[in-house]
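**Q** If you scroll down you'll find the structure; I have some questions about it.
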Amino acid sequence: MIEAVNLTKRYGDIVALDDVTFGVEKGETFGLLGPNGAGKTTAIGLLCGLLTPDGGTVSLAGKTDPTVTEVRLSLGVVPQTLAIYEELSAEQNLRFFGGIYGLSGSELKERVTRCLEIAGLGERRKERVSKYSGGMKRRLNMVCGLLHEPTILLLDEPTVGVDPQSRNLIFDTIEDMKSQGRTIIYTTHYMEEAQRLCDRVAILDHGKILDMDTVGNLIAKHGGPSHVEAEFEDGTCDSDRVKACVDGEHIQLDKSRIRFETSRPMESLAELNRSGLRLSTLKVETANLEDVFLNLTGRRLRD
Amino acid sequence: MRSALLLAIKDVRVILSDKGNIFWVFGFPVVFALFFGAIFSGFGREPSGMRVAVVDEDGSEFSSLYVSRLEAHESLKTERLERKDAMDRVRKGNVAAAVIIKPGFGGGFGAVFGGSDPKLEIASDPARQMEGGYLQGILAKAQFEVLSERFSDRDWMRGQIGSWRNEVEAAGGLGDTQASLFLNFFDSLDTLLRDANDENFQPGFDGDILNFAKTDVQRQREGPATPFQITFPQAMIWAVLGCTATFGISIVKERTNGTFQRLRVGPLGRAHILGGKGLACAATCAFVICIQWIAARIIFKMPIDNSLLLVLAGACTILCFAGFMMFVSTLGRTEQSVGGAGWAMLMIMAMIGGGMMPLFVMPPWLRSVSHISPVKWGIYAIEGAIWRHFTFAEIAGPCAILLAIGTVFFSLGVILLRRQDN
Ligand SMILES: Nc1ncnc2c1ncn2[C@@H]1O[C@H](COP(=O)(O)OP(=O)(O)O)[C@@H](O)[C@H]1O
Ligand SMILES: [Mg+2]
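Here the protein sequences come in this chain order: B and E. Read in order, the letters of the first sequence are residues 3 to 305 in the numbering used here. Read in order, the letters of the second sequence are residues 70 to 491 in the numbering used here.
This is the structure we're talking about:
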């Protein structure tokens, strides 16, 4: 559905996107995860034809030119910047953008009402956007891109700087879109979001894709071991018995407590359970995309 | 077309929601027209009058007729004085000007048309050039009115004809055939005047000669009839400039806040989106100009020579600046920089183009510099329709220039915008 082949974009000396290749299947949700300045917005701009690449090609729904009307009509973009008219009300914004996509009459009215509902702005539909909170603006910014029911959705950091409530509303909407079989590209620098929403994730840094796979595979490949910490019930334990059950490294055992690192935490815990040792507390820290990023770049995602 | 209209309506909504924009587009031009219109006409609708000292050194019947005509003039406050006192007053600024009627003024037709030795002198402070200009208009008008009255006086006419005949005879410069042509003409005119009785002279002859005189009067009296004819074209230009800046800024605003990009990923092309912007700008300009037009007609009773040409002049001016707006929007990357650079550019164009100082009081060097300013062509075309008595052919020139400027800057703007986007 979406193909990017050897995409390169430069701004003067800065290489914003460096020979990036990826493909997204129909109905798939694909994440671009990377810190600020990684090149996510540039990638979205190239995909939707706002920017012209210095090298490489883009194809959307089989068309190599994203500016043809046919592609335009099936493409929904939710930009990172709040691309809405602050001077107008939410309803006026939606009606305007809907009109631009050729919607009119009862169809437009219906979709505007539904979008206002999705965004949770029904009650304040007639209020000027400049009076909205940041989260409300974000929600409106999102539904303005969904109004024409596009089959391809490009979302550029749609949750930046919003309150938890708005974030959940946005997640629900995206999951809804997912379930309707739309093809989605989602960029973010929050690893939890990529982990929760995306079928596959590309780790982007300094304009390069470092790796690209399902979340599970990425963690398995680059995440490193999980950290397990447990306490035994009786206050006593047989260290040899315990060690025999655990398949891991850096095992620390003192009296009733054990800590170890493992890439297969569940197996070890099941083994412990089977051998009759009772646990009173348990803490498992599995690796996440943050660890993947740390291991791939030596830096953390945020900062 | 529907989407262009949608874009335009949206723009007008957005623009009108900002009080600052309303001021620049609606308020400022009107304040401008009223303020300067009032200053030029001496504050208030019934002008209290420009103070003028009149020195009648001629003392003829014609000159006293002339002076009483000036005294009756509603926008003058005259005082009869001796030359010395009159000059004194001018120097002290007590009067705007002194009008000195020199001996020989009443001597006839030739004296009125001045020639090498003008019989009418205006002494005024060069700093009060504006008033001087208006005074000149009033004086010329009074002169022709007195003259045209004179044309209907049969005996006076015959006396005039006699003296012209003598002048032609005395003048050496004319060839024989030319001279006899004139003399024959004067003789037959005199015969006609002598034989005509007063009754048939009045409707027949009087009409004809007066018509002749009237066309002359019109051609001579090319100045504006009221100061509002000067300030309303300026106000219209200011409204257009206000729109140009406001919409130019709104383009960069849409570019910085991303709505322009959102529109561009939609089904409309870039030219289409910018065209919508141009349409909104033009429509707003047209709306403001119409309001000004109505106000000028109804409240200020401003005469408009040719409404059709005014529509044409207004439309060309609007198109010119709607195109220019596109260029203005590329002058910076933020609202502030475009606003600053845009207004600076428009101010300079207004300054040299007659948007502040009327074209006709400009020193000649500035008037020739003004050719490079589209403001000048806009004002010139609008004035042409309001009081310069332009024909279609005459107004076509400035209109063509306006359209050309508009097209060039629109294209330049679109090209620069495309370049900035990548
Ligand atoms: N218009 C531009 N001019 C110059 N440099 C730019 C421009 N847009 C982005 N960049 C640079 O390109 C790189 C990638 O930016 P961007 O795609 O916005 O990253 P992200 O969206 O991942 O934060 C950054 O180093 C940024 O400074
Ligand atoms: Mg970004």
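Here a beta-carbon is modelled for each residue, glycine too, at the ideal position from N, C-alpha and C.
(1) Note down, in chain order, every chain B residue with its Cβ under 8 Å from the Cβ of Thr328(E).
(2) Among Asp56(B), Thr23(B), Ala45(B), Arg130(B), which residue has its Cα nearest to the Cα of Gly14(B)?
(3) Any C-beta of chain E sitting closer than 7 Å to the C-beta of Arg74(B)?
(4) Can you name, in chain order, every residue of its own chain whose Cβ lies under 6 Å from the Cβ of Arg280(B), other than the five neighbours on each side?
(5) So is Trp434(E) buried or exposed if we call it buried at 16+ other beta carbons inside 10 Å?
(6) Can you tell me which of the three DSSP states Glu27(B) falls into?
(7) Straight-line CA distance for Ala45(B) to Met416(E)?
(8) Any residues whose CB sits closer than 6 Å to a heavy atom of ligand 4? List them in chain order?
(9) Distance check for Lys346(E) and Leu148(B), CA to CA, integer angstroms please.
(10) Should Gln167(B) be listed as close to ligand 2, given that the test is whether its C-beta is under 6 Å from any heavy atom?
(11) Tell me whether the segment 85–99 of chain E and the segment 127–146 of chain E touch, counting them as touching only if at least three CB pairs, one residue from each stretch, are closer than 8 Å.
(12) So, is His150(B) buried or exposed, given that buried needs 16 or more other C-beta atoms within 10 angstroms?
(13) Just the C-alpha distance for Ile154(B) and Ile120(B), rounded to the nearest angstrom, thanks.
(14) Three or more C-beta pairs under 8 Å: does that hold for the segment 404–420 of chain E against the segment 366–384 of chain E?
(15) Determine whether the Cβ of Leu118(B) lies closer than 7 Å to any Cβ atom of chain E.
(16) Grouping DSSP H, G and I as helix and E and B as strand, with all else coil, what is Arg301(B)?
(17) Output the residue ranges of the alpha helix (DSSP H) runs that lie fully inside the segment 100–171 of chain E and measure 4 residues or longer, sorted by chain position.
(18) Can you tell me which of Phe254(E), Ile306(E), Leu103(E), Glu236(E) puts its alpha carbon nearest to the alpha carbon of Tyr449(E)?
(19) Does any CB atom of chain B fall closer than 7 Å to the CB of Gly335(E)?
(20) Quick one: does the C-beta of Gln298(E) sit closer than 6 Å to a heavy atom of ligand 2?
(21) Would you mind working out which of Gly36(B), Cys50(B), Asn95(B), Asp178(B) sits nearest Lys139(B), comparing C-alpha positions?
(22) Verify the CB distance criterion: does Leu75(E) have a CB-CB separation below 7 Å to chain B?
(23) Under the three-state reduction of DSSP, which class applies to Glu263(B): helix, strand or coil?
(24) Taking Phe262(B) as the query, report the chain E residues whose CB atoms sit under 8 Å from its CB, ordered along the chain.
(25) Any heavy atom of ligand 2 closer than 6 Å to the CB of Gln82(B)?
(26) Determine whether the Cβ of Thr59(B) lies closer than 7 Å to any Cβ atom of chain A.
(27) If the cut is a Cβ gap below 7 Å, which residues of chain E does Leu77(B) touch?
(28) Is it right to say Phe104(E) is buried, meaning 16 or more other beta carbons lie within 10 angstroms of its own, or is it exposed?
(29) Give every residue of the same chain whose Cβ lies closer than 6 Å to the Cβ of Ala65(E), excluding the five residues on either side of it in the sequence, and list them in chain order.
(30) Assign Phe369(E) to buried or exposed, taking buried as 16 or more other Cβ atoms, counted over all protein chains shown, within 10 Å of its Cβ.
(31) Closest to Tyr188(B) by CA distance: which of Val162(B), His208(B), Pro166(B), Ser168(B) is it?
(32) Run through the DSSP bridge pairs and tell me what Glu251(B) is partnered with.
(33) Cβ closer than 9 Å: which chain B residues qualify as neighbours of Lys146(E)?
(34) Counting along the chain, where does the beta strand (DSSP E) carrying Tyr13(B) start and finish?
(35) At what residues does the alpha helix (DSSP H) containing Ser2(B) begin and finish?
**A** For this structure:
(1) Ala85, Ile86, Tyr87
(2) Asp56(B)
(3) yes
(4) Glu235
(5) Trp434(E) is exposed by the Cβ-count criterion.
(6) coil
(7) 42 Å
(8) This structure does not include ligand 4; its bound ligands are ligand 1 and ligand 2.
(9) The C-alpha of Lys346(E) is placed about 25 Å away from the C-alpha of Leu148(B).
(10) no
(11) no
(12) Around the CB of His150(B), 16 or more other CB atoms lie within 10 Å, so the residue is classed as buried.
(13) 19 Å
(14) Taking 8 Å as the limit for Cβ pairs, the verdict is that the segment 366–384 of chain E does not touch the segment 404–420 of chain E.
(15) Closer than 7 Å: no.
(16) coil
(17) 130–141, 152–161
(18) Ile306(E)
(19) By the rule that beta-carbons nearer than 7 Å mark a contact, Gly335(E) touches chain B.
(20) Because no heavy atom of ligand 2 lies under 6 Å away, the Cβ of Gln298(E) does not count as near it: no.
(21) Asn95(B)
(22) Interface flag for Leu75(E) against chain B is set, since a Cβ pair is found closer than 7 Å.
(23) strand
(24) By Cβ distance, chain E contributes nothing, its closest Cβ being about 50 Å from Phe262(B), past 8 Å.
(25) yes
(26) Checking the listed chains, one finds no chain A in this structure; the protein chains it contains are B and E.
(27) Val334
(28) Counting Cβ neighbours within 10 Å, Phe104(E) comes out exposed, since fewer than 16 surround it.
(29) In the structure as shown, chain E begins at 70 and stops at 491. Residue 65(E) is therefore absent and cannot be evaluated.
(30) buried
(31) The shortest C-alpha to C-alpha distance from Tyr188(B) to any of Val162(B), His208(B), Pro166(B), Ser168(B) is the one to Val162(B).
(32) Glu263(B)
(33) Correct list: empty, because the minimum Cβ distance to chain B is about 52 Å.
(34) 4–13
(35) Look at the range of chain B in this structure, 3 to 305, and you will see that residue 2(B) is not part of it.
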